[in-house]
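Those protein sequences? They're chains U and Z, same order as listed.
For the first sequence, my numbering begins at 208 and goes up steadily by one.
For the second sequence, my numbering begins at 208 and goes up steadily by one.
2 protein chains.
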Amino acid sequence: MRRAIELANESVQRGGGPFGAVIVKDGQIVAEGSNSVTLLCDPTAHAEVTAIREACRHLDTFHLEGCTIYTSCEPCPMCLGAIYWAGIQRVFYGNTRRDAADIHFADDFIYEEISRPLDQRRLPIRPLLRDEAQESFRRWMEKSDRTEY
Amino acid sequence: MRRAIELANESVQRGGGPFGAVIVKDGQIVAEGSNSVTLLCDPTAHAEVTAIREACRHLDTFHLEGCTIYTSCEPCPMCLGAIYWAGIQRVFYGNTRRDAADIHFADDFIYEEISRPLDQRRLPIRPLLRDEAQESFRRWMEKSDRTEY
């Protein structure tokens, strides 16, 4: 965790957002990340997402079984989603989503939105052409050599 | 939406997951994406995240104001989080999170987990060293030339 916090501090100095994360496997750091949204023009380049992508590259896998992530702030819904998809098994965090809200980051707002039914969100989200979209799911299920995850 | 569905179908054929997305601005497609998790060994390479990264590269921005995303399936929490962070203003989706659950994708499970209080989730998530982590947030607020988003 101290390394994650150090990455967050270094990130502020470099012009990135105040967030850092490290991924640990078998007692060793396998990847590090810091928030580079504005530096890279990539709204998905949060510390945790960056560390997950780096760990997967490093370990040549899309599933980080047996890994723990230490992040300087509670993961936002995007990063928490990425943590689930990556199969990371434990999370430690420093600052909370409310601490992040106090310095004007939208984490807490996004948590509220995502938990709401679709028709009660501020962001308009509407169904369209579900019948046609089903075709890709049918093809997926019919594909005998599909790689599931 | 038809192009997003076509991308999903093509993705299945290519060995990726059955998901496609396009981002539209001023009536023009500015980016496309399809699910490449297993092909790229990147658990964050969902169709929407891939399209958002591409749109930001293409438009040289980290904020996709005035953009609409068409995705062949309701965005998972990771992708929906990315959509909020990117500032996308409208979402249209084909298949639902329950359709995705029917073909063994974890979207619905992750929605349930993310909406729960931290101590009621299956994934262990614990606070650690908050006092020390606060330092990066203090430095951020003291930085007069910070780029907010």
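For every residue, glycine included, the Cβ atom is placed at its ideal position computed from N, Cα and C.
Where DSSP assigns a beta bridge to residue 274 (chain U), which residues make up the other side?
-> Bridge partners of residue 274 (chain U): U:232.
Using DSSP with H/G/I as helix, E/B as strand and the rest coil, what is residue 216 (chain U)?
-> helix
Would you please state the rounded distance, in angstroms, between the beta carbons of residue 289 (chain Z) and residue 250 (chain U)? I believe it to be under 8 angstroms.
-> 6 angstroms
Using only alpha-carbon positions, find the residue among U:311, U:322 and U:236 that is nearest to residue 316 (chain Z).
-> U:322
Go through its chain and collect everything with a Cβ distance to residue 212 (chain U)'s Cβ below 7 angstroms, but skip five positions before and after it.
-> 227, 279 and 301
Please decide whether residue 296 (chain U) counts as near chain Z, where near means a Cβ-Cβ distance under 9 angstroms.
-> yes
So which residues on chain U does residue 260 (chain Z) lean against when the C-beta distance must stay under 7 angstroms?
-> 249 and 251
Consult DSSP for residue 319 (chain U) and reduce its assignment to one of helix, strand or coil.
-> helix
Quick one: using the 10 Å Cβ neighbour count with 16 as the cut-off for buried, is residue 311 (chain Z) buried or exposed?
-> exposed
Who are the near neighbours of residue 270 (chain Z) in its chain, counting only those whose CB is closer than 6 angstroms to its CB and skipping five residues on each side?
-> Take residue 270 (chain Z), set aside five residues on each side of it, and the residues of its chain with a beta-carbon closer than 6 angstroms to its own are 294, in chain order.
Please go through the same chain and pick out, in chain order, the residues whose beta-carbon is closer than 6 angstroms to the beta-carbon of residue 236 (chain Z), but skip the five residues on each side of it.
-> If the five residues before and after residue 236 (chain Z) are omitted, its C-beta is found closer than 6 angstroms to the C-beta atoms of 229, all from its own chain and listed in chain order.
Local Cβ density within 10 Å of residue 265 (chain U), reported as buried at 16 or more and exposed below that = The residue in question, residue 265 (chain U), is exposed, as its Cβ has fewer than 16 Cβ neighbours within 10 Å.
Distance, residue 234 (chain Z) Cα to residue 308 (chain Z) Cα | C-alpha separation (whole angstroms): 32 angstroms.
So, does the CB of residue 341 (chain Z) fall closer than 9 angstroms to a CB anywhere in chain U?
-> yes
Find the nearest neighbour of residue 259 (chain Z) within the set Z:244, Z:273, Z:239 and Z:243, judged by alpha-carbon distance.
-> Z:239
Would you mind giving the Cβ-Cβ distance between residue 330 (chain U) and residue 298 (chain Z), rounded to the nearest angstrom? I have them listed as a contact below 8 angstroms.
-> 7 angstroms
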